[in-house]
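Residue numbers (the working numbering): 39 to 311.
All C-beta atoms, glycine included, are put in the ideal place defined by N, C-alpha and C.
Notes follow the structure.
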C-alpha cells in the first residue's frame, strides 16, 4: 500500500514537472561554428533563394548561409507539435531554427529565427532580433531578443535556450537579485567616502565601483549627505559566472582564447533613509 502511494506521488511529480517544462519550447544547441559570420545577402534575398536550401535538404529553408568571419555562430533547433491549416486533425513535428552571432566577449551581435516547415513566402516567418546589449547567458529567453519579421510582427513563440553541448554547458550563468544594504554616509560629502555593511566582499566592491563611476547620480539619490548618517540602499546585483573575456588590445599578454572570469556588477536602485 505504501509503495503504491509512493509510486503515485512519483508519477504525479513527473507529470507535474513535464507540464512545467513543456510550458516553453526548449531550443537545443546543435552546432557551434567558430570564425564565421552571417551572409547578409542571404537574408536580404531570402524570398528569391532557389529552394530547397540547402539543395539536398527536405525543407524550403533548412538553415542559414554562413561565410568566414570573426564571430562564433550558435545554432539551435526547437521541435514542437502542431498541425497545418488545411489539415487541422493531423499532428506534425515542426522545427524552429535559431542562429546567434556572438563576438569574442560573448556579446550577441545578431540573431535570426525561422520555422523550417514554413511553406509560404520565407520572409513572413523570418524574425530578426531588435534588442541591443544582450549577452550570452544560461537560460536565455526567446522574448529577450525582441524578434520581429520584416512586417514588424512579433515572434509568436515562447522558449528558452539549452546550452548543453557534448556533455558541457557553454554559456555563463547570470544571477540577478535585489538586496538591501546598510550604509554609513555621514562623511560622504566631505571625503567622498562611505561604509557598506555586507557579508559579501564582492558585493561591497561592486557598490563602491558603481559609486566611483556614478557619483553625481548617487549623491542626487542620497539627498543632502551632510544630514544622513545611516541609510539603507536597494541594490540590484548581477553576478556572471565563468564568462569568456578577450582584451581588445591585440598586444595584450592574454592567453590564447582569452580569460575565463567571474564578474559582479551592481546598480543602486533607491536610497532609503
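With DSSP as the reference, please indicate the residues paired to residue 197 in a beta bridge. The secondary-structure analysis by DSSP pairs residue 197 across a beta bridge with 63.
Rounded C-beta distance between residue 270 and residue 217? I'm assuming under 8 Å. Between residue 217 and residue 270 the Cβ distance is about 10 Å, and since that is not below 8 Å, they are no contact.
If you reduce the DSSP assignment to three classes, tell me which class residue 176 lands in. The answer is coil: DSSP assigns residue 176 none of H, G, I, E or B.
Would you call the CB atoms of residue 91 and residue 197 closer than 7 Å? No, Cβ-Cβ distance for residue 91 and residue 197 is not below 7 Å.
Burial state of residue 8 (16 or more Cβ within 10 Å): The question about residue 8 has no answer, for the chain in this structure spans 39 to 311.
Does the distance from the CB of residue 134 to the CB of residue 153 come in under 7 Å? Result yes, Cβ atoms of residue 134 and residue 153 sit closer than 7 Å.
What does a CB cutoff of less than 7 Å around residue 141 pick up in its chain, not counting 5 residues either side in sequence? In the same chain as residue 141, and ignoring 5 residues on each side of it, the C-beta atoms closer than 7 Å to its own belong to 109, 147, in chain order.
Beta-carbon proximity list for residue 62, same chain, < 7 Å, skipping 5 on both sides: For residue 62, where only same-chain residues beyond five positions count, the Cβ hits under 7 Å are 196, 197, 198.
Starting from the Cα of residue 115, find the closest Cα among 203, 164, 68, 165 and give me that residue. Taking only the C-alpha atoms, the option nearest residue 115 is 68.
Below 8 Å on the Cβ atoms is my contact criterion, and I expect residue 312 with residue 83 to pass it. Report the Cβ-Cβ distance as a whole number of Å. Residue 312 cannot be examined here, being either before or after the span of the chain that is shown, 39 to 311.
In or out: residue 245 buried (at least 16 other Cβ within 10 Å) or exposed? Counting Cβ neighbours within 10 Å, residue 245 comes out buried, since at least 16 surround it.
Using only alpha-carbon positions, find the residue among 81, 310, 117, 304 that is nearest to residue 165. For residue 165, the nearest C-alpha among the options comes from 81.
Measure from the alpha carbon of residue 151 to the alpha carbon of each residue in 302, 209, 89, 191, then state which is nearest. Nearest C-alpha to residue 151: 191.
Contact between the stretch 198-211 and the stretch 161-180: three or more CB pairs below 8 Å? As far as the Cβ criterion goes, the stretch 198-211 touches the stretch 161-180, which means the pair count is three or higher.
Leaving out the 5 sequence neighbours to the left and right, which residues in its chain are closer than 7 Å to residue 77 when beta-carbon positions are compared? Here the set comprises 103, 104, 105.
Have a look at residue 144 and residue 99 and give me their C-alpha separation to the nearest angstrom. Taking the straight line joining both Cα atoms gives about 27 Å.
If you measure between the beta carbons of residue 169 and residue 184, is that distance less than 7 Å? Going by beta carbons, residue 169 and residue 184 fall inside the 7 Å limit.
How should residue 163 be labelled, buried or exposed, when 16 other C-beta atoms within 10 angstroms of its C-beta is the threshold for buried? Under this definition residue 163 is a buried residue.
State the CB to CB distance for the pair residue 155 and residue 97, rounded to an integer number of angstroms; the pair is presumed to be in contact (CB under 8 Å). Right, the Cβ-Cβ distance comes to about 7 Å (below 8 Å), so this counts as a contact.
Burial state of residue 306, where buried means 16 or more other Cβ atoms lie within 10 Å: By the neighbour-count rule (16 or more Cβ atoms within 10 Å), residue 306 is buried.
Measuring straight from C-alpha to C-alpha, what distance separates residue 149 and residue 212? Distance between the alpha carbons of residue 149 and residue 212 is about 20 Å.
When DSSP labels each residue in this structure, what does residue 247 get in the three-state scheme? In the structure shown, residue 247 falls within a helical segment according to DSSP collapsed to helix, strand and coil.
Taking DSSP as the reference, what is the three-state secondary structure of residue 125? Residue state, collapsed to three classes: strand.
Where the alpha helix (DSSP H) containing residue 82 begins and where it ends: Here the alpha helix (DSSP H) through residue 82 covers 78-82.
Tell me the rounded alpha-carbon separation between residue 89 and residue 210. Counting only the Cα atoms, residue 210 lies some 37 Å from residue 89.
Can you tell me whether residue 160 is buried or exposed, with buried defined as 16 or more other CB within 10 angstroms of its CB? Within 10 angstroms of the beta-carbon of residue 160 lie 16 or more other beta-carbons, which makes it buried.
Quick one, which of 205, 132, 112 has its alpha-carbon nearest residue 157's? Closest by C-alpha distance to residue 157, out of 205, 132, 112, is 132.
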